[in-house]
Structures are given as structure tokens and as C-alpha cells.
Amino acid sequence: MSPECVIDMEGIDTKWKLCIYPRGDRDENFLSVYLHRKQDVLGPDTIDLTYKLEMCSQGSIVYQRDACVHKFEKNDFLGYPKFIEREVVFNIQKIRDSATGHIEHTLHNVEE
Numbered sequence: 008m009s010p011e012c013v014i015d016m017e018g019i020d021t022k023w024k025l026c027i028y029p030r031g032d033r034d035e036n037f038l039s040v041y042l043h044r045k046q047d048v049l050g051p052d053t054i055d056l057t058y059k060l061e062m063c064s065q066g067s068i069v070y071q072r073d074a075c076v077h078k079f080e081k082n083d084f085l086g087y088p089k090f091i092e093r094e095v096v097f098n099i100q101k102i103r104d105s106a107t108g109h110i111e112h113t114l115h116n117v118e119e
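Counting from 8, one number per residue, gives the positions in the sequence shown under the working numbering.
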């Protein structure tokens, strides 16, 4: 799992983690990736968010999934149990050398 990070979303501080399971959480042939909104946040109860998870290497996107819209409550998580096949990851030289995750997000609505 990634370290916990605080993201300022238009003046709203909320804590998140990117949860990555290299051998999947349901199928070991896939990499699983989830975005987790932490429970102990001071922000609103619900955040309506469009997000996209991307795998980057050497400054460029090497794999991404379509954007999703989700209402994240506190301690909520959403993502992909089959983000990318492990075999694909091992066959892309850029990813084998070094890869990072990136979360692109757009805030839509906040509910207290």
C-alpha cells in the first residue's frame, strides 16, 4: 500500500491511500489497484469524485483505465480487482525498469 496522503480538493483536505496488490486480491494473474478514502478524515462525509488510475514510467503513461465516477464516503474504497495482467506488466520494458501510480481526479459535489 502507498503511504497515506492528504489531498487538498478545492480547500477540502481528505486522506487517501492507493492500495496495490501485485498478485491480485482475487486472482493472482492480475495486479489489483484500489483508491481508499480513509476513515479519520476531517472533510465531508461524502465526496463525489471522478478519478482515473494510471501506471506511469519514465514520465509517460504506459497503462490506464477509463475514468470512474463514485461517491466516496469515509473509509470507502473502489478500484479494479483486475487492473492489468501480471504477464503484460512483465512484458513492458518500461514498467519492469520502474513504474509509479497516478490518480487523476475531479471533484464534483460535497455532502456534509
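Here a beta-carbon is modelled for each residue, glycine too, at the ideal position from N, C-alpha and C.
In this text, all values refer to a predicted model and were calculated from it rather than measured experimentally.
Counting Cβ pairs closer than 8 Å, one from the region 43 to 63 and one from the region 81 to 91, do we hit at least three?
The answer is yes - the region 81 to 91 touches the region 43 to 63, with three or more Cβ pairs under 8 Å.
- prompt: So what's E94 in DSSP terms, helix, strand or just coil?
  reply: Shown here, E94 sits in a helix according to DSSP, grouped into three states.
Is the distance from the Cβ of Y58 to the Cβ of I91 below 7 Å? Their beta carbons are not under 7 Å apart, which means Y58 does not touch I91 by this criterion.
Review point. Hey, quick one: how far does the beta strand (DSSP E) through Q71 stretch, first residue to last?
Key: Taken as a continuous stretch (DSSP letters only), the beta strand (DSSP E) holding Q71 covers 67 to 71.
- Message: DSSP three-state label for P88, please.
- Response: Note: P88 maps to strand in three-state DSSP.
Given a cut-off of 7 Å on the beta-carbon distance, is the pair K78 and T53 in contact?
For K78 and T53, yes; Cβs fall inside 7 Å.
* Asked: For R33, which beta-bridge partners are listed by DSSP?
  -> Looking at the DSSP assignment, R33 forms no beta bridge with any residue, so it has no partner.
Range of the contiguous beta strand (DSSP E) that encloses D20:
Taken as a continuous stretch (DSSP letters only), the beta strand (DSSP E) holding D20 covers 19 to 28.
Assuming P51 contacts I19 under a Cβ cut-off of 8 Å, what Cβ separation, rounded to an integer in Å, is found between them?
-> Confirmed, about 7 Å.
Review point. Of all the options V96, P88, G31, C12, which has the alpha carbon lying nearest to the alpha carbon of M62?
Key: M62 has its Cα closest to that of V96, out of V96, P88, G31, C12.
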